[in-house]
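Enquirer:
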Ligand code: S3P
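Numbering (this note's numbering), first residue to last: 1041 to 1476.
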């Protein structure tokens, strides 16, 4: 389906809202729930296409999963050795997380599997997982350029390894830890910088021992997972669009309820505060092993900054929206050390720079980031290249634009944020969605 957003210029965001559940935690809840012994109940599950791809993959491997029904999912765990060979390739749509995490799990199964994806996922680099898995004894094959589909040959005994990750990637870390559940001996992963730690937290929640010392995370194979209850908080990556939208528009005052504020995910809060945003955390609490808060943001004047490189992995999915904040800030914002953005659902450096330039913003892409000089935002038609986060970011840019913004190719917003247009309209964004 061809989905287009047309967003009227100006306005402000007001009110309280709850964004859908966290995508990363929702993926992991299905994976670990399926591998556990006993019944796992999940609440707040994100019913986005990416998570449904993970859910359907486990159903295809014989796991009894009911729901999702209003964010509730019940999983009858099959145990670590209870998955069955799927009769068809596992189709994972747009979801890099599904494919990379499953690569680790599939590498350890007794059966062969093929995993494929849509046009975007079929272009994404998979050697970052297939090479370290091969060092454990796994046998996986990609296309010659290292992209999907991935063919996994089952029945390979795995050996624990100590792996130093060349890129800061939670997907690679998680892939190795999941393979490590099945490996002989100890599997350790060392990260060059902290990345989201939902896998480690949730493994512990399922009763599995995971040792973290500094930037090294280790576990031993051969244990078991015990079913538990999972309460998925709102996704800070989805909250980001409203945080930026409110921060850039005068008179806005929005409260985002029950958002996950795991320290490995709050780069966007840190960066917006450095830019001068009026942002506060209210009602901080812990829910199911993850910190949660209500985030209040009011419109204010933002200033350009040099984004500290250590914040990059902590805000890795938030840069499309942060580029919009930079376009509305006074002065120059410089991002470096973010080469990874070029291999996300789209090349987020190039695609955002192209769209911002169409809107008259002085945005200069660099190899590993962008230089943006804040100024007026014009109007026009921009391409999202099927990237959900690009589409939602340009929608928020309209709050400060001189005329309306039309965004092409927005169907994939459903991968992470079903209902984005209607929820945004409720709090004041002049957004219309047309389905062609
Ligand atoms: C994710 C990790 C990140 C992020 C992705 C979800 C995860 O990818 O971009 O949206 O759930 O582990 P990398 O770890 O490859 O940076």
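Heads up, the beta-carbon is just placed ideally off N, CA and C, and yes, glycines get one too. Here the structure is a predicted model, which means the values were calculated and not measured.
Since residue 1218 is in the alpha helix (DSSP H), which residue starts that stretch and which ends it?
Expert: Looking at the DSSP string, the run of the alpha helix (DSSP H) that includes residue 1218 is 1210 to 1220.
Enquirer: Please confirm if the segment 1282 to 1297 is in contact with the segment 1325 to 1344, defined as three or more CB-CB distances below 8 Å between the two stretches.
Expert: Result yes; three or more Cβ-Cβ pairs closer than 8 Å.
Enquirer: For residue 1475, count neighbouring Cβ atoms within 10 angstroms of its own Cβ and tell me buried if that reaches 16, exposed if not.
Expert: So residue 1475 ends up on the exposed side.
Enquirer: How should residue 1360 be labelled, buried or exposed, when 16 other C-beta atoms within 10 angstroms of its C-beta is the threshold for buried?
Expert: Buried: at least 16 other Cβ atoms inside 10 Å.
Enquirer: On a Cα-Cα basis, can you pick out the residue from 1473, 1285 and 1307 that is closest to residue 1050?
Expert: Looking at the Cα atoms, 1285 is the closest of the given residues.
Enquirer: Is residue 1095 closer than 7 Å to residue 1242 when the C-beta atoms are compared?
Expert: The answer is no: Cβ separation not under 7 Å.
Enquirer: Do residue 1215 and residue 1144 have their C-beta atoms within less than 7 Å of each other?
Expert: Yes, Cβ-Cβ distance for residue 1215 and residue 1144 is below 7 Å.
Enquirer: Which word fits residue 1416, buried or exposed, when buried means at least 16 other C-beta atoms lie within 10 angstroms of its C-beta?
Expert: The residue is exposed, with fewer than 16 neighbouring Cβ atoms inside 10 Å.
Enquirer: Given residue 1113, which residues of its chain have a CB within under 6 Å of its CB, disregarding the five upstream and five downstream residues?
Expert: Excluding sequence neighbours, residue 1113 sits near 1082, 1085 and 1107.
Enquirer: Within 10 angstroms of its Cβ, does residue 1042 collect 16 or more other Cβ (buried), or is it exposed?
Expert: Label assigned to residue 1042: exposed.
Enquirer: Around the C-beta of residue 1149, are 16 or more other C-beta atoms found within 10 angstroms, so that it is buried, or is it exposed?
Expert: When all chains shown are included, residue 1149 counts as buried.
Enquirer: So, under 8 Å CB-CB, residue 1473 and residue 1045 are touching, yes? Tell me the CB distance rounded to an integer number of Å.
Expert: 6 Å between Cβ atoms; contact.
Enquirer: Specify whether the segment 1177 to 1188 and the segment 1225 to 1238 touch according to this definition: at least 3 beta carbon pairs, one from each stretch, less than 8 Å apart.
Expert: Touching, no.
Enquirer: Residue 1365 and residue 1312 look like a contact to me (Cβ under 8 Å); what is the Cβ gap, rounded to whole Å?
Expert: With 8 Å as the limit, residue 1365 and residue 1312 qualify as a contact, their Cβ atoms being about 7 Å apart.
Enquirer: Look at the alpha carbon of residue 1251 and the alpha carbon of residue 1391, and state the distance between them as a whole number of angstroms.
Expert: Taking the straight line from one Cα to the other gives about 39 Å.
Enquirer: The ligand S3P and residue 1137: does any heavy atom of the ligand fall closer than 6 Å to the residue's C-beta?
Expert: It does: the Cβ of residue 1137 is within 6 Å (strictly closer) of some heavy atom of the ligand S3P.
Enquirer: What number of angstroms, rounded off, separates the C-alpha of residue 1330 from the C-alpha of residue 1268?
Expert: Using only the alpha carbons, I get a separation of about 14 Å.
Enquirer: Does DSSP put residue 1109 in a helix, in a strand, or in coil?
Expert: Correct three-state label for residue 1109: strand.
Enquirer: Pick helix, strand or coil for residue 1308, following the three-state DSSP scheme.
Expert: Three-state DSSP puts residue 1308 in a helix.
Enquirer: Assess, as a yes-or-no matter, whether the segment 1199 to 1211 is touched by the segment 1149 to 1166 under the definition of 3 or more beta carbon pairs within less than 8 Å.
Expert: The segment 1149 to 1166 vs the segment 1199 to 1211: no contact.
Enquirer: Report whether the distance from the Cβ of residue 1064 to the nearest heavy atom of the ligand S3P is below 6 Å.
Expert: Residue 1064: yes, Cβ under 6 Å from the ligand S3P.
Enquirer: Taking 6 Å as the cut-off, does the CB of residue 1209 come closer than this to any heavy atom belonging to the ligand S3P?
Expert: Under cutoff, so the answer is yes.
Enquirer: Give me whichever residues DSSP pairs with residue 1224 in a beta bridge.
Expert: Answer is 1199, bridged to residue 1224.
Enquirer: What are the uninterrupted segments assigned as alpha helix (DSSP H) that are 4 or more residues long and contained completely in the segment 1366 to 1425, given in chain order?
Expert: The segment 1366 to 1425 contains these whole alpha helix (DSSP H) runs: 1388 to 1398.
Enquirer: By DSSP, does residue 1193 sit in helix, in strand, or in coil?
Expert: The answer is strand: DSSP assigns residue 1193 an E or B state.
Enquirer: Counting along the chain, where does the alpha helix (DSSP H) carrying residue 1298 start and finish?
Expert: No alpha helix (DSSP H) contains residue 1298, which is instead part of the beta strand (DSSP E) from 1293 to 1300.
Enquirer: Once the 5 residues before and after residue 1463 are set aside, which same chain residues still bring their CB inside 7 Å of it?
Expert: If we look at residue 1463 and ignore the five residues flanking it on each side, its Cβ neighbours are 1057.
Enquirer: Are residue 1443 and residue 1419 touching if we call contact CB-CB under 7 Å?
Expert: The answer is yes: Cβ separation under 7 Å.
Enquirer: May I ask whether a heavy atom of the ligand S3P can be found less than 6 Å away from the beta carbon of residue 1356?
Expert: Answer for residue 1356: yes, Cβ within range of the ligand S3P.
Enquirer: Return helix, strand or coil for residue 1351, following the three-state DSSP convention.
Expert: Three-state result, residue 1351: helix.
Enquirer: What is the DSSP secondary structure of residue 1328, counted as helix, strand or coil?
Expert: Residue 1328 falls in the coil class under three-state DSSP.
Enquirer: Please report how far the alpha carbon of residue 1449 lies from the alpha carbon of residue 1425, in whole angstroms.
Expert: Using only the alpha carbons, I get a separation of about 6 Å.
Enquirer: Look up residue 1055 in the DSSP assignment and give the residues it is bridged to.
Expert: Looking at the DSSP assignment, residue 1055 forms a beta bridge with 1294.
Enquirer: Tell me whether the beta-carbon of residue 1327 lies closer than 7 Å to the beta-carbon of residue 1405.
Expert: The answer is no: Cβ separation not under 7 Å.
Enquirer: Between the C-alpha atoms of residue 1123 and residue 1304, what's the straight-line distance to the nearest angstrom?
Expert: Answer to the nearest angstrom: the Cα atoms are 31 Å apart.
Enquirer: What runs of the beta strand (DSSP E), each 3 residues or longer, lie entirely inside the segment 1057 to 1132?
Expert: Listed in chain order, the complete beta strand (DSSP E) runs (minimum 3 residues) inside the segment 1057 to 1132 are 1079 to 1083, 1104 to 1109 and 1112 to 1116.
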